[in-house]
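See below for the structure under consideration.
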Amino acid sequence: MIIFRTSCLKVLFLCLTILLLSQPSLCKKCRALALSGGGDKGSYQASVFIEFTNHLPIAEVSYDVVTGASAGSLNGAGISLFAPGHEKDAATFIYGLWHSIKSSDILKVPDDGILYSLFFKQGIFDNSPLEEFLYKQSKGKTIERKFTVVVTNSETGFSEFIDYNHSDTIPEDAIPTIVGSSAIPFAFPPMKREGKTLIDGGCIWNLDVTGAIRRCKEVVEDEKDIIVDIILCTRYYLEERKNLKNFSALDHYFRAREIEEWQFNMQDVERAVEMYPDVNFRYVIGPSEILSNSPIPLDFSEDHLNKCFEIGQKDAEAALRMGEGGYLSAMMDHYKEYKNGGNRDLRDFINLRLESAPHGESE
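In mature numbering (1 follows the signal peptide of the UniProt record, and there is no 0), the protein residues as written are -27 to -1, 1 to 336.
Now the structure itself:
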């Protein structure tokens, strides 16, 4: 009798196991990584991603989907050359790219000079070196996961979302699309693709959360099974400025651009969280310090890249110590206080969260 009952229990256990394995939707999650634009600040984004791979279990950063605009499309492309589960290899690849990249890999000054290009060319710099650089770096590799690039169609004035999937070879249009997404107006000429004129994806959608969720729905049905990490590299931090009476006309213009960029970016994040209340926005990280005040984000000097890497590492470590949703809450608290007339900066809110983190005082 005892033997009979034991055998029945084994059969029952086996049946339950088979049933659970045949219902992947019961436990399947889709993980997505959304990467914003930011020009030379993409090294900050790369640094945060590397810290994720160093400190989180690989299963937690095995992204099914990656979306990117502008600099985010460059980082996204590098990550997408590696299959989910191989994020450490992707991190090594991304690290090598940013620590070897030079301005000459991105652009060159036309023979006619900048002044001539300003009036008679479509961009003051030639970005053909970037295209050559990407072809060289991706040689022999393929796209290994769902990857979406955001571009702006300059003719229609609308965004376009170009989807890629696992493929045996790099699609012929992939690199031109990525170069187009990174073509900062004024600095670079547009990229022609399939008869379309493409410019910087960040002109309209600097952060593609909608695309990340749309593509995750190819994997899971319920938004509650979607986990989104967001790495921002443009201005998600605003400093109060005093003595504006001493500003020149150019100073006022650049200050207006700072405010516009910050408001635009924070509204992107706020809107995404409100639109998708069931999605787990796990780690949403933006620079806690000003990375650069240059009006054209094309500083690829070693000093600048190292600064971005250092701040990215620090912010990623803070986010991981605060836990899921902690950094996002600090960012939104900072944003709400500024809207209500406060002037504390983002680091104050991060430090407050760190002090109340479950693993002890902030360092």
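Positions of the beta carbon are idealized from the N, C-alpha and C atoms, including for glycine.
Taking the alpha carbon of residue i as the point to measure from, which residue in the options has its own alpha carbon closest?
i           : options                   : result
G175        : N126, K215, I148 and E145 : N126
residue 351 : M164, Y308 and F25        : The first residue shown for the chain is -27 and the last is 336, placing residue 351 beyond what the model contains.
T40         : I135, D173, L293 and I177 : I135
Y17         : K61, E60, F55 and L70     : L70
L6          : P250, E297 and C189       : C189
L107        : I269, I143 and N138       : I143
R326        : W178, L301 and E262       : L301
Give the range of the beta strand (DSSP E) segment to which residue i is assigned.
i    : result
D119 : Asp is not the amino acid found at residue 119; the sequence shown has Lys there. It spans K119 to N126 - the beta strand (DSSP E) in which K119 sits, taken as one unbroken run.
According to DSSP, is residue i part of a helix, a strand, or is it coil?
i      : result
E133   : strand
N253   : strand
A42    : strand
I151   : helix
I204   : strand
L(-7)  : For L(-7), the predicted model reports a pLDDT of 43, less than 50, meaning its position is unreliable and no value from the coordinates is stated.
Y311   : helix
T170   : strand
L(-2)  : In this prediction, L(-2) scores a pLDDT of 47, lower than 50, which makes its location untrustworthy; the coordinate-derived value is nonetheless stated afterwards. Residue state, collapsed to three classes: helix.
K109   : helix
L6     : strand
D241   : helix
K81    : strand
D198   : helix
I(-25) : Model confidence at I(-25) stands at a pLDDT of 47, short of 50, so the residue's coordinates are unreliable; what they give is reported in the following sentence. I(-25): helix per DSSP, three-state reduction.
P331   : coil
K215   : coil
D99    : strand
I52    : helix
I258   : strand
Along the chain, where does the alpha helix (DSSP H) that runs through residue i open and close?
i    : result
S73  : E60 to S73
Q286 : E275 to M295
H28  : G15 to H28
V186 : According to the sequence as given, residue 186 is Ile; it is not Val. Segment V182 to C189, the alpha helix (DSSP H) holding I186.
N324 : L319 to E328
S90  : I87 to F93
Report back the beta-carbon spacing between residue i and residue j to the nearest angstrom; my notes put them in contact at under 8 Å.
i    : j    : result
I151 : A50  : 5 Å
V82  : G285 : 29 Å between Cβ atoms; not a contact.
M305 : G259 : No, M305 and G259 are not in contact; Cβ-Cβ is about 11 Å, not under 8 Å.
Would you be able to state if there are at least three C-beta pairs under 8 Å between the segment 43 to 51 and the segment 238 to 254?
Put simply, the segment 238 to 254 does not touch the segment 43 to 51. Fewer than three CB pairs are less than 8 Å apart.
Is it the case that the segment 261 to 273 contacts the segment 282 to 299, given that we only count it when at least three CB pairs across the two stretches are under 8 Å?
yes
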